[in-house]
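There are 6 protein chains.
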Amino acid sequence: MPVKEVAAKIASMEIRGALRIAIAAAKAMEQEILDGASYDELVRAGDTLKDARPTAVSLPNAINYVLHIFDKHKSDDPSVARSLIIADVSDFIAGLESSLEKIAEIGSNLVEEGDVILTICNSNTVASILKRAWEKGKRFKVYACETRPRFQGHITYNDLASAGVDVTLIVDSAAYYTMVHKSVTKAFVGADTVYVNGDVVNKIGTSQVALMAKHAGVELIVCTETIKFSPYSVSGELVEIEERDQKEVWDKEAKIFNPAFDITEKEHINMIVTEVGIIPPEAAYQVLKEKFGWSLE
Amino acid sequence: MPVKEVAAKIASMEIRGALRIAIAAAKAMEQEILDGASYDELVRAGDTLKDARPTAVSLPNAINYVLHIFDKHKSDDPSVARSLIIADVSDFIAGLESSLEKIAEIGSNLVEEGDVILTICNSNTVASILKRAWEKGKRFKVYACETRPRFQGHITYNDLASAGVDVTLIVDSAAYYTMVHKSVTKAFVGADTVYVNGDVVNKIGTSQVALMAKHAGVELIVCTETIKFSPYSVSGELVEIEERDQKEVWDKEAKIFNPAFDITEKEHINMIVTEVGIIPPEAAYQVLKEKFGWSLE
Amino acid sequence: MPVKEVAAKIASMEIRGALRIAIAAAKAMEQEILDGASYDELVRAGDTLKDARPTAVSLPNAINYVLHIFDKHKSDDPSVARSLIIADVSDFIAGLESSLEKIAEIGSNLVEEGDVILTICNSNTVASILKRAWEKGKRFKVYACETRPRFQGHITYNDLASAGVDVTLIVDSAAYYTMVHKSVTKAFVGADTVYVNGDVVNKIGTSQVALMAKHAGVELIVCTETIKFSPYSVSGELVEIEERDQKEVWDKEAKIFNPAFDITEKEHINMIVTEVGIIPPEAAYQVLKEKFGWSLE
Amino acid sequence: MPVKEVAAKIASMEIRGALRIAIAAAKAMEQEILDGASYDELVRAGDTLKDARPTAVSLPNAINYVLHIFDKHKSDDPSVARSLIIADVSDFIAGLESSLEKIAEIGSNLVEEGDVILTICNSNTVASILKRAWEKGKRFKVYACETRPRFQGHITYNDLASAGVDVTLIVDSAAYYTMVHKSVTKAFVGADTVYVNGDVVNKIGTSQVALMAKHAGVELIVCTETIKFSPYSVSGELVEIEERDQKEVWDKEAKIFNPAFDITEKEHINMIVTEVGIIPPEAAYQVLKEKFGWSLE
Amino acid sequence: MPVKEVAAKIASMEIRGALRIAIAAAKAMEQEILDGASYDELVRAGDTLKDARPTAVSLPNAINYVLHIFDKHKSDDPSVARSLIIADVSDFIAGLESSLEKIAEIGSNLVEEGDVILTICNSNTVASILKRAWEKGKRFKVYACETRPRFQGHITYNDLASAGVDVTLIVDSAAYYTMVHKSVTKAFVGADTVYVNGDVVNKIGTSQVALMAKHAGVELIVCTETIKFSPYSVSGELVEIEERDQKEVWDKEAKIFNPAFDITEKEHINMIVTEVGIIPPEAAYQVLKEKFGWSLE
Amino acid sequence: MPVKEVAAKIASMEIRGALRIAIAAAKAMEQEILDGASYDELVRAGDTLKDARPTAVSLPNAINYVLHIFDKHKSDDPSVARSLIIADVSDFIAGLESSLEKIAEIGSNLVEEGDVILTICNSNTVASILKRAWEKGKRFKVYACETRPRFQGHITYNDLASAGVDVTLIVDSAAYYTMVHKSVTKAFVGADTVYVNGDVVNKIGTSQVALMAKHAGVELIVCTETIKFSPYSVSGELVEIEERDQKEVWDKEAKIFNPAFDITEKEHINMIVTEVGIIPPEAAYQVLKEKFGWSLE
């Protein structure tokens, strides 16, 4: 699919989800390379794609990584450079495509027989982990927060229940009472963006679940692909927290504050499960350097 | 209104709200006394009323207090005892009737110019305080949690907005983000029941608001009539947390846990505003002894 | 039994246990009164008894209370004063004798079906509560810390196991791991002395159990007769923490620090169960004033 | 001394210090009574005195207590009422005059051999306690914060050093480092006002010393006469924190924020030492009711 | 010694201790290489060794590292590869053998004159550090927890006392009281396994010592060779906490829960002293990558 | 400038400030290389420089890095080695020279419209960040602690006020009150030394500001060049906290404790802004390894 078409589909949200966007963008960039684009042309293609969705970090991450590959091989013998680039980009895309599978496998190892698990919103990584653990024969309970205002907890409920997982829905306000009185042992949450210092941007409500977990002796486990780690945060460019339409909250003329995300402090996070393994949140800095070849110098 | 009629209206929830129930019950007991009931008849009348709503603590509190008054005067000269009893019961009812007004006045003193206040659910005491403070010319901001599953936050919003108060609605999951990023200074919440040790039973979500407040440097102020202080808690008889119909949460066949209340730990409460003044939560023991003449001995 | 004999038995530890000491001393004082002792003679009798065991607060508490009764009636008509005193002292002794029973009843109300309870040392009040709750048909689990150096946890184990309670022994070092990984919901502990500010002196290890409970979201419930509340603490005279024989710890020539008690901070205590009902720890001040007529003025 | 003269000296700060002001005002009121003032005249005299210094709580407390005594005896036989009033007022003044002595005695019991004690500002109660403990032969170390902007710590240093106490001065910013690295065991601080819920208003810097103490495992002990407990706080009328002249901070044209006091949260206070004994901060409510006969009803 | 013999001695616990096992296994692998084993033969030898003790992480770590060295040189010129491999393996073994010495040196730098140090269990690294610091002339106090159920604290006591160190034994339950009342400044503990996120598995009781240390303002320092860092934890394969024979706890028919280890949260750890230097616990991820060439990709 | 002259100027504090010292030392070393010094001569030159100021970590860091560069190229072809070394050293010096500019740029991105920022002492990095943010048109408030005993806060005040920034001075004791009552959102502080585990040595008072920030929900941001990261801390060689002249505190014969620095715990630090980007404090280990080629092996 040509760059412009992919950009259009990202803009129209026909292609959505941080991982799917990254894969689509990387493939569009790969096609440009196969079509013989120069570095400058590739940069321009990347800019077109980036403009399609300015807020999701996985999009510029994927594009910048392809440019980084291109750049890395520029001093190689021209006769082999192109095939090396194509091989590396192909590996990168394959890595993206297998990341959810790897996270499911690693994360499912953390689930123990008899666990009582709380989750919020609808996260592909978390759902994959819980379903994988259930398939392996582990038996545990899940409490899913309904996740106002858009009720993504309903999707989680249906997804897990269809897979046979023992899942119960609660309102978001019942999270702390459930932790304490239903003996919750672990909380699994996804991530929208991971900052270089280990703080995590995710669906509104996550930061308070994390605070409660710390206070109730519950482990807080973030599950996310490394494509969501933000190199921009290294320069202090943080995500602007989106304020969404108030109609999502109440269908009435009223003054409503509707932030879509919040920021979970690293001190409340026990670990992050990624496709390259489990890390403490503070290793975000190292992953950014190793994985994306990022450097300010 | 005769006892049976009042009991029926309490049972059918025609008479509802902890304070209104207490007043109706006290008046029905007063009528019995005016009609010349003996102590034993009065006890039976009280039992009929108590059976109408077994969970609200204000109902037995009001009845037991009337019985306590009756008992206190039994050694008085019969020629004056009856009129003394009637006078005391009348005072008690007047006290109940004026308690909301007193709380509004006391609590409004706590509101400072420029405050940013968060509240949850719909509490008569909190709403009265905020409106009174606004009437006095103080200017401040209020964030009202919508309070799933029954959206009592909408009632709070309408009530405050009609009075001109600068109120903004948020989803319950945005409470912590709002506290931190909108510089909330105080949180005012109501109470369903106050335990002897200072713990407070209130609408589901209150205990997590209180935890967040403590973590974000926000004062947590509980506002309630003393008629909701539980003498039963002195004997370890705690409130059974009601689990309500799951249809309130999701109109679908699903496994849903829907607790109506939770318990806020005394350590997270800065003070309780009552009609007899401000107290630390741990003074609940003293109020119970002084106000209701309660004793295990 | 005459005062000297009682004093001797307390000194030799033939009579031991805070409550039994208090009852024996109160009865010896009662006998003095029946034998016609004057106030000054009574004071001397009390001094003899107090000298028998200088550290236990229940002993002077009982004696002082009898003196307080005597003093209270000195302005009464001499013809009735003596019988009033005898009646009051008799009531006081009866109250002491029934206090364990009352605590068992009140405390057992706090135990909920499915609870997982941790305890340390061997406390009559805690054991009575747990056995009473089990007799009422409630089913729960108990983890008993072995309580080095003297293994009083073995006594608790045997006592509860004989009564059919589902009890498991752990080493003291496993307390936190057990709280977190066995989903402990409540910790019940006894008390040696309760200070006026709500801090509690109890067997070494209690203060760290309380700290862990706070951190793991576990309720910490102290269970004790009010005869152990210390009026001396009102004047700043605190208990000197006894350092016991090092042979209790290791039968070897070695440098050993063997404190018998520690001090649990009031902030880590949810409530105290007494024979006069449940109180917050901070109500110790009020109980001291009401119960023992204590005053510095 | 006549009322007007006393009022003038309070206004000019010739008479200052919370306790001295209370004594002077009570004596002026006593004189009015001796001179045959009616209740209404007494009220007016009280108003004159109160106007002399609107912010110190000890002033209205003393006046209101004298009025309360007057009022209490109004139904007594007129032939004895006057002498009863005079006796009660005299007792009240004697109590005020002996309160510092009592606090010194009680508080000095809390000082243990080998203690390392931190203090801030210059508090009569704290200095008296430390000097009394030293006189009793206890040996300990004191670190005195210099207490910017007015360096009251220098007065404390001189006072303690003159009495032979081992005292060391530190800057206010070194408080936490000193606590951790010099193994501070206790912090003693005074109070300007005690609120009904146990929060304490005192010299700027006290609230951060209290926070650090909690974090470093140091006991925080407030030492104050009960005449500083605020009945106004029961109605939510809190102290307006005075902002003082910026010249105290920097002798230069600059934007300076110079609050004179701050508010220490009750959770950070282990106990309050008063002339009526040691109490938990939450017993402020009870002291206000018992001591000052205060009631909103 | 041939592989089978080493495996047998590891299985029979003739060779025990994480470091000694690692060295023995590495030497057996080295012998295989010297004997001309192919990569596949080496893998099989490694599997034989690993099966000898499935739970200790140092064993597979040592084997995998030797395999990693072998693998790293497979593209080298065959004429030099073998000698390069042998040199690298030899370096690796030398590194293991010198690690305790290096830790003693580094850790002893952290001990300051006048420190009061608490430790639990018997750790070679901790004992080496404390003895080294004492040899350097530093003077400090040590409190050693007896470490039920197996009293390894007695070994620590004897080891330190023999070296002249000022050591005192305490029961495990006295840890918190000792921290607060004996002004403990640092706690040194060993490790059984270090997880990738910085959490540390160690002898039961360590996690509660760490919690208390955080609450009492005491530094918690973990001392361990990097051979105990777990690459398996990267994939979520955590250590199964061993439950040991109940006879260790009580020689009686009884229900006993006897976990051998617990997990200390990274938030409670100030630093980890390793032979490659001091690191924050969160750098476990980096050490695993650099030291063991570990990668999931 | 020759080495001896630079050393003299560092010793006399003509050259001061961690960054300026590092640049001067690196340039002196560069001159030695240009003058044809051998490695041994270079080591001796470095020792001369290091002796000039034994406590500042930036000095040995700069020298060691130049030696590391020299060492790194020793196996290069002699014909190019020298120019490679000179180029690398030149880059290093350029990096030092531009580091403040980079930190200003990165840090200013973190400042948000409407922020209320607290700072302590006078830090070049913090002042540069705040002035840069103001230049970019962001509007916010700054509270500057006066920073006893040397009032460096006055310098900060003048610097910011001259640049038009809305800055207010407070005494150090007003920090917590200001955080809570003026809704402080972020605290920016400098660093004297950063330890390998992420703990930060800085001006006395910083550690208590950090503790208060954590408690009041305020972000604590450390701003510093990486030249202040201490490789010595990797070996456990920590900074000896300087005790300065007591005359700085009080111009009087008195016992005064005047520590110049304190240590902020990594748990209280949200992030560190460096010239190589933002990092979590725990990444200090990684920066030390990457930036300075540091290794214990």
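Residue numbers (the numbering used here), protein chains in the order written: chain A, 3 to 299; chain B, 3 to 299; chain C, 3 to 299; chain D, 3 to 299; chain E, 3 to 299; chain F, 3 to 299. Where a beta carbon is used, it is the ideal one built from N, C-alpha and C, also for glycine. Treat the numbers as computed from the prediction; the structure is a model and nothing was measured.
Nearest to residue i (by Cα), restricted to the options the options
i                : options                                : result
PRO167 (chain F) : F:SER237, F:LYS293, F:LYS140, F:ILE88  : Sequence inspection shows Val at residue 167 (chain F); the Pro mentioned does not correspond to that position. Minimum Cα distance to VAL167 (chain F) is reached at F:LYS140.
THR149 (chain B) : B:LYS184, B:LYS104, B:ASN260, B:LYS254 : B:ASN260
ILE206 (chain E) : C:ALA177, C:VAL186, C:VAL275, C:HIS70  : C:ALA177
THR2 (chain D)   : D:HIS156, D:ASP117, D:GLU239, D:HIS183 : Lying outside 3 to 299, the shown extent of chain D, residue 2 (chain D) is not represented and no answer is given.
ALA47 (chain A)  : A:ALA30, A:VAL59, A:SER60              : A:ALA30
GLN154 (chain F) : F:ALA9, F:VAL289, F:VAL173             : F:VAL173
SER85 (chain A)  : A:ILE119, A:ILE35, A:LYS52             : A:ILE35
ILE274 (chain F) : F:ILE105, F:GLU32, F:ILE122            : F:ILE105
7 Å Cβ cut-off: residues of chain F touching residue i
i                : result
ASP174 (chain D) : ARG150, ASP174, SER175
Span separating the alpha-carbon of residue i from that of residue j
i                : j                : result
VAL241 (chain A) : GLU277 (chain F) : 21 Å
ILE229 (chain D) : ASN63 (chain D)  : 6 Å
THR226 (chain D) : PRO151 (chain F) : 30 Å
ALA54 (chain A)  : ASP161 (chain A) : 30 Å
LYS74 (chain F)  : LYS257 (chain F) : 52 Å
LYS133 (chain F) : ALA215 (chain F) : 22 Å
SER164 (chain F) : CYS147 (chain F) : 17 Å
LYS249 (chain E) : TYR159 (chain C) : 15 Å
GLU299 (chain B) : GLY97 (chain C)  : Confidence is the limiting factor: at GLU299 (chain B) the pLDDT is only 49, short of 50, which leaves the residue's position unreliable, though a coordinate-based value still follows. Approximately 9 Å, taken between the alpha carbons.
VAL5 (chain B)   : THR50 (chain B)  : 8 Å
ILE119 (chain D) : VAL220 (chain D) : 9 Å
Partner residues on chain B for residue i, Cβ-Cβ distance less than 7 Å
i                : result
GLU284 (chain C) : GLU284
Under 7 Å by beta carbon: chain D residues contacting residue i
i                : result
ILE108 (chain B) : SER237, GLY238
Where residue i meets chain A, residues with beta-carbon distance less than 7 Å
i                : result
TYR287 (chain E) : ILE281, PRO282, ALA285, GLN288
Under 7 Å by beta carbon: chain E residues contacting residue i
i                : result
THR180 (chain C) : PHE259
Chain F residues whose Cβ lies nearer than 9 Å to that of residue i
i               : result
HIS70 (chain D) : Under the 9 Å cutoff, chain F gives no residues; its nearest Cβ is about 34 Å from HIS70 (chain D).
Partner residues on chain F for residue i, Cβ-Cβ distance less than 8 Å
i                : result
LEU213 (chain D) : TYR178, LEU213, MET214, HIS217
Per-residue contacts from residue i into chain C (C-beta, under 8 Å)
i                : result
ASN126 (chain D) : Neighbours of ASN126 (chain D) on chain C: none; closest Cβ ~18 Å, over 8 Å.
Quick check for students: name the residue ranges of the alpha helix (DSSP H) that lie wholly in the region 72-138 of chain F, counting only runs of 4 or more.
80-112, 126-137
Any alpha helix (DSSP H) of 4 or more consecutive residues that is wholly inside the region 18-51 of chain B
20-36
Do three or more CB pairs link the region 230-240 of chain D to the region 190-202 of chain D at distances below 8 Å?
yes
Please go through the region 232-272 of chain F and give each complete beta strand (DSSP E) segment of 3 or more residues, from N-terminal end onward.
263-266
For the region 268-284 of chain F against the region 106-122 of chain F, are there 3 or more C-beta pairs whose distance is under 8 Å?
yes
Those runs of the alpha helix (DSSP H) which lie wholly inside the region 136-206 of chain C and span at least 4 residues:
154-164, 177-183
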